[in-house]
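The sequence shown runs 1 to 238 under UniProt numbering. Note that the Cβ used here is the ideal one computed from N, Cα and C, for glycine as well. The structure presented is a predicted model; accordingly, all values stated were derived computationally and were not measured. For reference, the structure is listed below as structure tokens.
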Amino acid sequence: MFKVVCFDLDGTLLPMDTEAFVEQYLKELAPFLAPVLSPNKLVPLIWDATRTMIENTDPTRTNEEVFQERFLSRSGFKRDEIWPMFDRFYSEHFPTMKQYVEPGPLGRQVVEAALSGGYRVAVATNPVFPKAAIRERMRWADVDDLVEWVSVYEETHHCKPQPGYYREVAERMGAAPEECLMVGNDLQEDMVAKGVGMKTYLVTDWLIDRGHPVYEPDQRGTMEELLRDLKEKRGLFS
1 MFKVVCFDLD GTLLPMDTEA FVEQYLKELA PFLAPVLSPN KLVPLIWDAT
51 RTMIENTDPT RTNEEVFQER FLSRSGFKRD EIWPMFDRFY SEHFPTMKQY
101 VEPGPLGRQV VEAALSGGYR VAVATNPVFP KAAIRERMRW ADVDDLVEWV
151 SVYEETHHCK PQPGYYREVA ERMGAAPEEC LMVGNDLQED MVAKGVGMKT
201 YLVTDWLIDR GHPVYEPDQR GTMEELLRDL KEKRGLFS
């Protein structure tokens, strides 16, 4: 029986079109870097460093270290020449991007129901963003005060869909993967958790399915159905 419920954030606890949000994020980040890097150079550098970070399997290097090393080596900048501009974006502007998401009460209600059911709760969001951006999105979802642990890029060493990411989540919660349930809306990046022994629940409101590979979730439903399943102890929660 599982003891820990690991919730994805974007498109799960926080209703959003993730692809559209990321596109807008890059558009609004660009002016902060414009004094030293044009948008047509910045965006490919970010995607390249992000891909390097996602593909990394070295458990001794944090996602932040992998991202920064790749970005700086490809751009030719020193960290202190450019990173304060990223930091300023996250502190001054990122909070205004709440306008591009659709927060509602269900995320908080679902987490509260999980806690009431005796489960411990983690936010297992893909740690490709700094803590400031992830904590901000948790505030948008109104769950920041409820969660025991959240994966952020400064502190974790793998990204989704790497199996090592899910092993690290379980380890950080002091649990075996078999004692964890992964709840998410991404059929490939979240349901892959089944491969390390976690149970899986696919949330279908903002479903992401790239078609391949195919993972069969242990249970599926909308956020409203997930809330009902938790409260009524149905399916995985029985």
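Give the range of the alpha helix (DSSP H) segment to which Ala141 is assigned.
The continuous alpha helix (DSSP H) containing Ala141 extends over residues Lys131 to Ala141.
Specify the secondary structure class of Met223 as computed by DSSP and reduced to three states.
helix
Assuming residue 239 and Leu181 form a contact by the criterion Cβ under 8 Å, report the distance between their Cβ atoms to the nearest whole angstrom.
Nothing can be reported for residue 239: it is not among the residues displayed for the chain, which extend from 1 to 238.
Within a Cβ cutoff of 7 Å, which residues of the same chain sit near Leu14, ignoring the five residues on either side of it in sequence?
Val101, Pro103, Gly107, Arg137, Trp140 and Ala141
Val203 - containing beta strand (DSSP E), residue span:
Lys199 to Val203
Cα-Cα separation, Leu230 to Val4
Rounded to the nearest whole angstrom, the CA to CA distance from Leu230 to Val4 is 13 Å.
When we look at the beta-carbon of Ala122 and count the other beta-carbons within 10 Å, is it buried (16 or more) or exposed?
So Ala122 ends up on the buried side.
Member of Lys131, Glu69 and Tyr201 whose CA lies at the smallest distance from the CA of Thr50:
Glu69
Tell me which residue opens and which closes the alpha helix (DSSP H) that Gly164 is part of.
Pro163 to Arg172
Can you confirm whether the segment 212 to 226 touches the segment 91 to 98 when touching is taken to mean that 3 or more C-beta pairs between the two stretches lie within less than 8 Å?
The segment 91 to 98 vs the segment 212 to 226: no contact.
Pull the bridge partners of Gly184 from the DSSP assignment, please.
Note: Gly184 sits in a beta bridge opposite Leu202.
According to DSSP, is Ala176 part of a helix, a strand, or is it coil?
coil
How would you call Leu9, buried or exposed, if buried means at least 16 neighbouring beta carbons within 10 angstroms?
buried
Which of helix, strand or coil DSSP assigns to Val36:
Correct three-state label for Val36: coil.
Continuous alpha helix (DSSP H) stretch holding Val66: start and end
It spans Asn63 to Ser75 - the alpha helix (DSSP H) in which Val66 sits, taken as one unbroken run.
Cα-Cα separation between Ala34 and Val110, rounded to whole angstroms
41 Å
How big is the Cα-Cα spacing for Met16 and Trp206?
7 Å
So does the segment 76 to 87 actually touch the segment 147 to 156, counting three or more Cβ pairs closer than 8 Å?
no
Using 9 Å as the threshold, is the C-beta distance between Ile54 and Lys160 below it?
yes
Can you list, in chain order, the residues of its chain with a C-beta nearer than 6 Å to that of Asn126? Leave out the 5 residues immediately preceding and following it.
Cys159 and Lys160.
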